[in-house]
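Protein chains in written order, with this note's numbering: chain A, 1 to 139; chain B, 1001 to 1383.
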């Protein structure tokens, strides 16, 4: 699938989108529609989530789904407010995303509701508090 | 009645720590839970606190076996962020080193796998022949590991004309040896008995659990970043993507050995068509705000680096997703239904690259008594 075809599949569910080149596209969606966008991609036989990245963007936390769409890579971004950092899991759509969601949960303090196993993955058992990839975090 | 067998953080298959809790009934594995992070070094945060030029060397140290893959992927991401095209000769040199690294990594893995099934002679032979490719890498880069070949904007070293006949000789030896190993691996009774129908991952599971690399290709998933997202000189070089449909440990052995042969073909073609010219372009230290993703087919599969620049000489955010991380979820269906004796080879078959020592505790959940096994005891049980 070319980058333009990947964006076509999700055009009804995005706030903005941009084709960087034949093999790269980026899109921004919102909390209400990101799962619809992912379902639409799954219907186009996209099965591979390369990874999920969490970014501390000041007021919000950006959660980026890197999706391998055949011949192209789509970065689908959804902004989650830092005051209430919750969104629904996508492990029911892409089971392979389970570990990546757990990582974003502990590193940035975003809760993925409905995750089958929201336990820690990288941080030690005796880790007290704080999320190491948040901007204000200090040792 | 089921028992829980915790394995790790010291690890039975390789010298790296992670933790598995196997729930077993008799010998059969019912369920498995995985815990990582014993070697988490905070590298993503470390990369954000360093300049791109410093980060290049830190990124390389993410992995000792596939250091060039990280080196290459980091450089490519920075070049994309800066919007720089690198010289053609540098693209070819990067490709050659990447394929030499693949040969070394696959032969190293084949040796480890032979060791796990108790075939020590074959382990020695694989590692003996791996020395040939190590010599070539040392000759080209000056190092046996951490080659540091990529610079941001090209490569750090050029290849010299006197290297070519030596590479040619080395590749001939490797080709002959690998062909012999393919015939040994596909006919030897011990290997077949320990690898066929063991640790099976179906194509559907491989896709659902987002498996990558030779591990996914051995389950019939036709995916290879060199073809699907071409980088360096791969778009100009003809090569085959090796797949097998069986999805067992044996298929993973065959895929990796046949990939060594493909890699030899790629290196020969790249040497033949290598353009002349400069090897590096200048990239300014400060990179304007941008974001870029780059992917590389590392020896273990798809490696992803994602970077965001902010106009300074340091990145705003850097994300690394190495291939073994992507392959961990697909371990669960491979273990479930198998036996304890299969654990070392099934785990080794994804070519895990974390970090390890050698104790296994077997806990009887009903009495709470535990017994610690050494690596040697576990290996003996596994034979």
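Yeah, the Cβ is synthetic: ideal placement off N, Cα and C, and Gly gets one too.
Proximal chain C residues relative to residue i, where beta-carbon distance stays under 7 Å
i	result
residue 1117(B)	This model lacks chain C altogether, as its protein chains are A and B.
Nearest neighbour of residue i, chosen from the options [CA to CA]
i	options	result
residue 1346(B)	1309(B), 1007(B), 1244(B), 1195(B)	1195(B)
residue 1189(B)	1224(B), 1119(B), 1246(B), 1210(B)	1119(B)
residue 1099(B)	1024(B), 1086(B), 1136(B)	1136(B)
residue 1236(B)	1254(B), 1250(B), 1266(B), 1256(B)	1266(B)
residue 1131(B)	1141(B), 1018(B), 1103(B), 1304(B)	1103(B)
residue 13(A)	20(A), 39(A), 23(A), 1(A)	39(A)
residue 1084(B)	1146(B), 1138(B), 1117(B), 1151(B)	1151(B)
residue 1268(B)	1139(B), 1325(B), 1164(B)	1164(B)
residue 1289(B)	1279(B), 1275(B), 1295(B), 1307(B)	1307(B)
residue 1226(B)	3(A), 64(A), 7(A), 70(A)	70(A)
residue 1023(B)	1016(B), 1034(B), 1017(B)	1034(B)
residue 34(A)	64(A), 134(A), 135(A)	64(A)
residue 1228(B)	1147(B), 1212(B), 1337(B)	1212(B)
residue 1461(B)	1029(B), 1181(B), 1272(B)	Residue 1461(B) lies beyond the stretch modelled for chain B, which goes from 1001 to 1383, so this question has no answer here.
residue 1040(B)	108(A), 124(A), 18(A), 73(A)	124(A)
residue 1063(B)	1051(B), 1147(B), 1210(B)	1147(B)
residue 6(A)	45(A), 107(A), 134(A), 106(A)	45(A)
Residue-chain proximity (residue i, chain A), Cβ-Cβ < 9 Å
i	result
residue 1040(B)	yes
residue 1210(B)	yes
residue 1325(B)	yes
residue 1036(B)	yes
residue 1304(B)	yes
residue 1228(B)	yes
residue 1121(B)	no
residue 1330(B)	yes
residue 1096(B)	no
residue 1388(B)	No information on residue 1388(B) is available, as it lies outside the stretch 1001 to 1383 that chain B covers here.
Opposing strand residues paired with residue i [DSSP bridges]
i	result
residue 28(A)	16(A), 77(A)
residue 1150(B)	1155(B)
residue 1034(B)	1020(B)
residue 21(A)	24(A)
Endpoints, the alpha helix (DSSP H) within which residue i is located
i	result
residue 1318(B)	It is not in any alpha helix (DSSP H) - residue 1318(B) instead sits in the beta strand (DSSP E) that spans 1315–1321.
residue 131(A)	Where residue 131(A) is concerned, there is no enclosing alpha helix (DSSP H), given that its DSSP letter is neither H nor E.
residue 36(A)	34–43
residue 1075(B)	1067–1082
residue 1045(B)	1043–1048
residue 1329(B)	It is not in any alpha helix (DSSP H) - residue 1329(B) carries neither H nor E in the DSSP assignment.
residue 1336(B)	Run containing residue 1336(B): none; DSSP gives neither H nor E here.
Element boundaries [beta strand (DSSP E), containing residue i]
i	result
residue 62(A)	60–69
residue 1168(B)	It is not in any beta strand (DSSP E) - residue 1168(B) instead sits in the alpha helix (DSSP H) that spans 1163–1185.
residue 1309(B)	1301–1309
residue 53(A)	48–57
residue 1296(B)	1290–1298
residue 1019(B)	1019–1025
residue 1120(B)	Residue 1120(B) -> not in any beta strand (DSSP E); alpha helix (DSSP H) instead, spanning 1120–1141.
residue 1096(B)	Unbroken run through residue 1096(B) is the alpha helix (DSSP H), 1088–1116; no beta strand (DSSP E).
residue 1007(B)	1003–1007
Neighbour flag for residue i against chain B, beta carbons, 9 Å
i	result
residue 53(A)	yes
residue 100(A)	yes
residue 96(A)	yes
If you scan the segment 88–135 of chain A from start to end, which runs of the alpha helix (DSSP H) of 4 or more residues do you find wholly inside it? 98–108
Any chance you could list the alpha helix (DSSP H) runs of at least 4 consecutive residues sitting entirely within the segment 1182–1264 of chain B, in chain order? 1189–1195, 1203–1208, 1213–1217, 1225–1228
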